[in-house]
Amino acid sequence: MATLARLQARWSAVGNQYYLRNSVVDTFRKKENDAAVKIQSWFRGCQIRAYLRHLNRAATIVQKWWRGYLGRRQYQLIVKAACYTMKMNLYNAMAVRIQRQWRGYKVRKYLFNYFYLKEYLRAVSETNDAIREALEEFAEMKEREEKKANLEKEEKKRDYQARKMHYLLSTKQIPGIYNSPFRKDPDPWELRLQKAKPLTHRRPKVKQKYSTDLSNWLACTSARSFPQSEILPPINRKQCQGPFRDITDVLEQRYKPLEPTLRVAERINELKLAREELRREEWVRNVNDNMFLPFSSYHKNKKYIPSIHTSSKYSPDSYGKQHFRTENPNKWICDKDFQTVLPSFDLFSKYGKLYSKAGQIV
Amino acid sequence: MHSLTMDLWIPNGQEGVMSLLRPLLLDVVPTIQQTAALALGRLANYNDDLAEAVVKGDILPQLVYSLAEQNRFYKKAAAFVLRAVGKHSPQLAQAIVDCGALDTLVICLEDFDPGVKEAAVWALGYIARHNAELSQAVVDAGAVPLLVLCIQEPEIALKRIAASALSDISKHSPELAQTVVDAGAIAHLAQMILNPDAKLKRQVLSALSQVAKHSVDLAEMVVEAEIFPVVLTCLKDKDEYVKKNASTLIREIAKHTPELSQLIVNAGGVAAVIDCIGSCKGNIRLPGIMMLGYVAAHSENLAMAVIISKGVPQLSVCLSEEPEDHIKAAAAWALGQIGRHTPEHARAVAVTNTLPVLLSLYMSAESSEDLQVKSKKAIKNILQKCTYLPALEPFLYDAPPNILKHVVGQFSKVLPHDSKARRLFVTSGGLKKVQEIKAEPGSLLQEYINSINNCYPEEIVRYYSPGYSDTLLQRVDSYQPLIN
Chain A
820 MATLARLQAR
830 WSAVGNQYYL
840 RNSVVDTFRK
850 KENDAAVKIQ
860 SWFRGCQIRA
870 YLRHLNRAAT
880 IVQKWWRGYL
890 GRRQYQLIVK
900 AACYTMKMNL
910 YNAMAVRIQR
920 QWRGYKVRKY
930 LFNYFYLKEY
940 LRAVSETNDA
950 IREALEEFAE
960 MKEREEKKAN
970 LEKEEKKRDY
980 QARKMHYLLS
990 TKQIPGIYNS
1000 PFRKDPDPWE
1010 LRLQKAKPLT
1020 HRRPKVKQKY
1030 STDLSNWLAC
1040 TSARSFPQSE
1050 ILPPINRKQC
1060 QGPFRDITDV
1070 LEQRYKPLEP
1080 TLRVAERINE
1090 LKLAREELRR
1100 EEWVRNVNDN
1110 MFLPFSSYHK
1120 NKKYIPSIHT
1130 SSKYSPDSYG
1140 KQHFRTENPN
1150 KWICDKDFQT
1160 VLPSFDLFSK
1170 YGKLYSKAGQ
1180 IV
Chain B
17 MHSLTMDLWI
27 PNGQEGVMSL
37 LRPLLLDVVP
47 TIQQTAALAL
57 GRLANYNDDL
67 AEAVVKGDIL
77 PQLVYSLAEQ
87 NRFYKKAAAF
97 VLRAVGKHSP
107 QLAQAIVDCG
117 ALDTLVICLE
127 DFDPGVKEAA
137 VWALGYIARH
147 NAELSQAVVD
157 AGAVPLLVLC
167 IQEPEIALKR
177 IAASALSDIS
187 KHSPELAQTV
197 VDAGAIAHLA
207 QMILNPDAKL
217 KRQVLSALSQ
227 VAKHSVDLAE
237 MVVEAEIFPV
247 VLTCLKDKDE
257 YVKKNASTLI
267 REIAKHTPEL
277 SQLIVNAGGV
287 AAVIDCIGSC
297 KGNIRLPGIM
307 MLGYVAAHSE
317 NLAMAVIISK
327 GVPQLSVCLS
337 EEPEDHIKAA
347 AAWALGQIGR
357 HTPEHARAVA
367 VTNTLPVLLS
377 LYMSAESSED
387 LQVKSKKAIK
397 NILQKCTYLP
407 ALEPFLYDAP
417 PNILKHVVGQ
427 FSKVLPHDSK
437 ARRLFVTSGG
447 LKKVQEIKAE
457 PGSLLQEYIN
467 SINNCYPEEI
477 VRYYSPGYSD
487 TLLQRVDSYQ
497 PLIN
């Protein structure tokens, strides 16, 4: 009880103390709380930061590895590409080398072989020289032949001259003109004259008579065609036995010339030929080919060509054909001619038309 | 009639003469007939009016009729009349064909007497000479095989005239030439090239060249008759016309294809032709010059072959020596064909100093138009490939502007690569001349001049530009002297 009383006496103190203790705790509670919070937050922060650092490191490592992996992969691709290009370049370079060699070879061998061309030109110039030499030789030979021919011609001419002048040869008594006694040697013409044979007189040529016989109507009249009516020599054979007729009689009978009948001697178209002959004779006789027709209108459009006997030296004279009176306009006093009061005498205007109608030929 | 001569002036009543002679053709005495025919022939031969009078006087049918029947003297005289009438003009020849003379002439070709054959062949040749229709008429009358037979006859005159007739027939068209070839003429003509008679060779070579000129096949057929190298001996003949016809033949063969030209070059034909050109003068040279041009035109190897056969000096001699313009034009053309292929060829032409001659021909007012055109083309072609500068330099001074352009262009191509040439260009005064050339800015000439100027340092270019001494003097005037 005592304690209770004491407790009750102390209750208000206890209560104050309780309240003070609680409030003290409270006054420091916030502070301690804050501190605890601070400490806790700090610690938590450190923890989290450590964790983040750890995470960072891990992420870095992961990224590092990943990037390395990517890079290496890329690098492999690059290496592959570079290797590929290097190979291709090498192949290209080698191919260019081959092509270069081949193109040079082809051009040199097939398209334009420089050495072949040189060789060809050399061969051409050699051929040219050979041809030039050959042609020179040929020309020289021709000249020599021509000279020789000329010399021979001259010789022949001189020989002919010598033959013509053979009478100028010197005799024992009389020296000829080429063998003058005052000369040391005789002239070369003298020797030539000694060698020459005098010319003979020309015999008159027998003129062949132009004979008209049947063979003339053969188409080929040349001497080279058939032999005409010459007696052929008899064929030599063994003499036959027995009395024979006179050989001349036999030959006469055998080689009797042709004596054709009148019928055969005449040509088959003799009548036609005779007509032609007649026509030709008429053509010969006629000065003018045109048939004589007295009707003047037939010849109206034909120009009359005078024959050589009727035309004058300069031109056919129109006086007497176109006008019958000479006129000299220079001598007229005035510029007009005489007037004709009466019409002129038309004598010939009706020529050919005064006859019957039959005279007017269209 | 025997004393009828050409000194008689025939009055304009020519028909009167004809009507006097016509009856004599039918005279009984054969000698009178022959002499009348001979007189007619001589009259017709003299003058084409008289020949027309013969045609108008209806004498031809009578002649043709009696040609078939009479003896050989009359045939000769009648063929002479036909020849004399037919030679003047195509119309008269047509009149002869119209009165049926061709068949009788062809019959005369079968006669035994060579004189008759010669007269008939002569008449046929003169008829066929005028134009292609008349030649065709002659061929249609069946003359060609008989002409080929006539060529084989031993008489030289007959051979001559038959070769001339074949030449006249085949010159008009390829078909006619083919007909002649089909009759086997080429082999015989080729054999006759070796004959020593000069007039025969003329005609034979002329016939072969007329055949070969039409087409490649005909030319090849002529070549196959083995005329090379025998034809080259004809180039050395004494007779001028044989040389001319031989070079014509070679020219006609060479102009078709490069292979044929190659064949001629391989046979040494080029050297022979060049020697032949050297030994003749005037028109005889012309086919040879053209042949060189044709050969060089085909390809550069052939042009080089012409150069090494010493063709270029000969051609330049022709160019300067010959008085006639058409020969000069041919020589200029040939030189242009030789020099236009490569710089080597152009150099070979330029070293012979022909370019100034060509330039003077182009510039001279007396040259014909053809010559001017050809020399201009030759200069252009050669200049475009010429890199031989000493030959180009004279051109800077006296060339007209259109050629100057090419010359300066060539300089601008060569100078950037050759230092010795640059030095020579300066010392010879070429740079000075180039500076004096006036060109429109932007034109090709100005570009060339710029590229030449770029080869030299600027001071040298300024030194040689015109008016430099004036600018120097101006500088002297405006200079302030240093006074210390």
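Respectively, the protein sequence lines represent chains A and B.
One gets my numbering by counting positions in the first sequence from 1 and adding 819 to each.
One gets my numbering by counting positions in the second sequence from 1 and adding 16 to each.
Ideal Cβ positions, reconstructed from N, Cα and C, are used throughout, including at glycine.
Fair warning: this is a prediction, and the values are worked out from it, not measured in the lab.
#1: Between residue 926 (chain A) and chain B, is the shortest Cβ-Cβ distance under 8 Å, so that the two count as touching?
#2: Drop a sphere of 10 angstroms on the beta-carbon of residue 1119 (chain A), count the other beta-carbons inside from all chains shown, and report buried for 16 or more, exposed for fewer.
#3: Cutting at 8 Å between CB atoms, please list the residues of its own chain near residue 21 (chain B), excluding the five before and the five after it.
#4: With a Cβ-Cβ cutoff of 8 Å, do residue 323 (chain B) and residue 354 (chain B) count as a contact?
#5: Between the C-alpha atoms of residue 53 (chain B) and residue 125 (chain B), what's the straight-line distance to the nearest angstrom?
#6: For residue 258 (chain B), I'd like the list of residues in its chain whose CB is within less than 6 Å of its CB, leaving aside the five on either flank, ordered along the chain.
#7: Answer with yes or no whether the minimum CB distance from residue 307 (chain B) to chain A is below 8 Å.
#8: Classify residue 214 (chain B) as helix, strand or coil using the three-state DSSP reduction.
#9: Nearest chain B C-beta to residue 1094 (chain A) closer than 8 Å, yes or no?
#10: Measure the beta-carbon distance from residue 954 (chain A) to residue 206 (chain B) and round it to whole angstroms, keeping in mind my assumption that it falls under 8 Å.
#11: Would you grab the beta carbon distance between residue 421 (chain B) and residue 461 (chain B) for me? Rounded to a whole angstrom, and I think it's under 8 Å.
#12: So what's residue 884 (chain A) in DSSP terms, helix, strand or just coil?
#13: Looking at chain A, is there any beta carbon in it that lies within less than 8 Å of the beta carbon of residue 233 (chain B)?
#14: Which complete alpha helix (DSSP H) runs does the region 75 to 163 of chain B hold, if anything under 4 residues is left out?
#15: If you count every other CB in all the chains shown that lies within 10 Å of the CB of residue 178 (chain B), and 16 or more means buried, which is it?
#16: Check whether the Cβ atoms of residue 346 (chain B) and residue 306 (chain B) sit closer than 8 Å, and answer yes or no.
#17: If you draw a straight line from the C-alpha of residue 1034 (chain A) to the C-alpha of residue 1007 (chain A), how long is it?
#18: So which of B:373, B:360, B:315, B:358 has the shortest CA-CA distance to residue 331 (chain B)?
#19: Straight-line CA distance for residue 946 (chain A) to residue 300 (chain B)?
#20: Can the beta-carbon of residue 221 (chain B) be found closer than 8 Å to that of residue 238 (chain B)?
#21: Apart from the five residues just before and just after residue 84 (chain B), which ones in its own chain have a Cβ nearer than 6 Å to its Cβ?
#22: Note down the Cα distance separating residue 1084 (chain A) from residue 46 (chain B), rounded to an integer number of angstroms.
#23: Compute the beta-carbon to beta-carbon distance between residue 431 (chain B) and residue 398 (chain B), rounded to the nearest angstrom, for a pair I have assumed lies under 8 Å.
#24: Residue 1188 (chain A) by DSSP, collapsed to three states: which one?
#25: Put residue 1160 (chain A) into one of helix, strand or coil per three-state DSSP.
#26: Tell me whether the beta-carbon of residue 204 (chain B) lies closer than 8 Å to the beta-carbon of residue 167 (chain B).
#27: Given this structure, state the Cα-to-Cα distance separating residue 1110 (chain A) from residue 41 (chain B), to the nearest angstrom.
#28: Given residue 157 (chain B), which residues of its chain have a CB within under 8 Å of its CB, disregarding the five upstream and five downstream residues?
#29: Roughly how many angstroms separate the alpha carbons of residue 917 (chain A) and residue 937 (chain A), rounded to a whole number?
#30: With distance defined between alpha-carbon atoms, name the residue in B:441, B:492, B:496 nearest to residue 469 (chain B).
#31: Residue 919 (chain A): buried (16+ other C-beta within 10 angstroms of its C-beta) or exposed?
#32: By the three-class DSSP mapping on this structure, what secondary structure does residue 1151 (chain A) have?
#33: What number of angstroms, rounded off, separates the C-alpha of residue 264 (chain B) from the C-alpha of residue 311 (chain B)?
#34: Among residues of its own chain, excluding the 5 on either side of residue 73 (chain B), which ones have a beta-carbon nearer than 8 Å to its beta-carbon?
In short:
#1: For the purposes of this step, residue 926 (chain A) is taken as the residue at position 107 of the first sequence. No, because no Cβ of chain B sits closer than 8 Å to the Cβ of residue 926 (chain A).
#2: Taking the first residue of the first sequence as 1, we reach residue 1119 (chain A) at position 300. Exposed, by the Cβ-count rule.
#3: Looking up residue 21 (chain B) in the second sequence gives position 5. Note that residue 21 (chain B) has pLDDT 46, beneath the 50 cutoff, so the model's placement of it is unreliable and no number is given.
#4: Along the second sequence, one-based indexing puts residue 323 (chain B) at 307. Along the second sequence, one-based indexing puts residue 354 (chain B) at 338. Cβ atoms of residue 323 (chain B) and residue 354 (chain B): closer than 8 Å.
#5: Counting from 1 along the second sequence, the entry for residue 53 (chain B) is found at position 37. Counting from 1 along the second sequence, the entry for residue 125 (chain B) is found at position 109. Whole-angstrom Cα-Cα distance: 19 Å.
#6: The residue you call residue 258 (chain B) lines up with position 242 of the second sequence. Spatial neighbours of residue 258 (chain B) in its own chain (CB-CB distance under 6 Å, excluding positions within 5 residues in sequence) are listed in chain order as 214, 217, 218, 250.
#7: Working through the second sequence from its first residue, we reach residue 307 (chain B) at position 291. False, the Cβ-Cβ gap to chain A never drops below 8 Å.
#8: Here the question's residue 214 (chain B) lines up with position 198 in the second sequence. Three-state DSSP puts residue 214 (chain B) in a helix.
#9: Numbered from its first residue, the first sequence carries residue 1094 (chain A) at position 275. Output row for residue 1094 (chain A): interface = no.
#10: What you label residue 954 (chain A) is simply residue 135 of the first sequence in a count that begins at 1. What you label residue 206 (chain B) is simply residue 190 of the second sequence in a count that begins at 1. Contact doesn't hold; Cβ gap of about 19 Å is too wide.
#11: Counting from one through the second sequence, the residue named residue 421 (chain B) turns up at place 405. Counting from one through the second sequence, the residue named residue 461 (chain B) turns up at place 445. Confirmed, about 5 Å.
#12: One-based indexing of the first sequence puts residue 884 (chain A) at position 65. Three-state DSSP puts residue 884 (chain A) in a helix.
#13: In the second sequence, residue 233 (chain B) corresponds to position 217, counting from 1. Cβ-Cβ to chain A under 8 Å: no for residue 233 (chain B).
#14: Listed in chain order, they are 75 to 83, 88 to 102, 106 to 114, 117 to 124, 130 to 144, 148 to 156.
#15: One-based indexing of the second sequence puts residue 178 (chain B) at position 162. Label assigned to residue 178 (chain B): buried.
#16: Counting from 1 along the second sequence, the entry for residue 346 (chain B) is found at position 330. Counting from 1 along the second sequence, the entry for residue 306 (chain B) is found at position 290. The answer is yes: Cβ separation under 8 Å.
#17: Residue 1034 (chain A) sits at position 215 when you count from the first residue of the first sequence. Residue 1007 (chain A) sits at position 188 when you count from the first residue of the first sequence. Only weak support exists for where residue 1034 (chain A) lies, its pLDDT of 49 falling under 50; the value from the coordinates is given anyway. So the alpha carbons of these two residues sit roughly 58 Å apart.
#18: The sequence position of residue 331 (chain B) within the second sequence is 315, counting from 1. Of the listed residues, the one whose Cα sits closest to residue 331 (chain B) is B:373.
#19: Looking up residue 946 (chain A) in the first sequence gives position 127. Looking up residue 300 (chain B) in the second sequence gives position 284. CA-to-CA, the gap between residue 946 (chain A) and residue 300 (chain B) works out to about 25 Å.
#20: Here residue 221 (chain B) refers to the residue found at position 205 of the second sequence. Here residue 238 (chain B) refers to the residue found at position 222 of the second sequence. Cβ atoms of residue 221 (chain B) and residue 238 (chain B): not closer than 8 Å.
#21: Within the second sequence, the letter at position 68 stands for residue 84 (chain B). Correct list, in chain order: 120.
#22: Locating residue 1084 (chain A) in the first sequence gives position 265, where the first residue counts as 1. Locating residue 46 (chain B) in the second sequence gives position 30, where the first residue counts as 1. A direct Cα-Cα distance of roughly 22 Å separates residue 1084 (chain A) from residue 46 (chain B).
#23: The sequence position of residue 431 (chain B) within the second sequence is 415, counting from 1. The sequence position of residue 398 (chain B) within the second sequence is 382, counting from 1. Residue 431 (chain B) to residue 398 (chain B), Cβ: 19 Å. No contact.
#24: Outside the shown range of chain A (820 to 1181) lies residue 1188 (chain A), about which nothing can therefore be said.
#25: For this step, residue 1160 (chain A) is matched to residue 341 along the first sequence. It is coil, neither helix nor strand.
#26: Counting from one through the second sequence, the residue named residue 204 (chain B) turns up at place 188. Counting from one through the second sequence, the residue named residue 167 (chain B) turns up at place 151. Result yes, Cβ atoms of residue 204 (chain B) and residue 167 (chain B) sit closer than 8 Å.
#27: Translated into positions along the first sequence, residue 1110 (chain A) becomes position 291. Translated into positions along the second sequence, residue 41 (chain B) becomes position 25. Cα-Cα distance, rounded: 22 Å.
#28: Taking the second sequence and counting its residues from 1, the one referred to as residue 157 (chain B) is at position 141. Hits under 8 Å: 118, 119, 121, 122.
#29: Your numbering for residue 917 (chain A) matches position 98 in the first sequence. Your numbering for residue 937 (chain A) matches position 118 in the first sequence. The C-alpha of residue 917 (chain A) lies about 27 Å from the C-alpha of residue 937 (chain A).
#30: By one-based count along the second sequence, residue 469 (chain B) stands at place 453. If we check each option's Cα against that of residue 469 (chain B), B:441 comes out closest.
#31: As a position in the first sequence, residue 919 (chain A) is number 100, starting the count at 1. Residue 919 (chain A) should be labelled exposed.
#32: Working through the first sequence from its first residue, we reach residue 1151 (chain A) at position 332. Three-state DSSP puts residue 1151 (chain A) in coil, outside helix and strand.
#33: Numbered from 1 along the second sequence, position 248 holds the residue referred to as residue 264 (chain B). Numbered from 1 along the second sequence, position 295 holds the residue referred to as residue 311 (chain B). One C-alpha to the other measures close to 13 Å.
#34: Translated into the one-based positions of the second sequence, residue 73 (chain B) becomes position 57. Excluding residues within five positions, the ones whose Cβ falls inside 8 Å are 31, 34, 35, 38.
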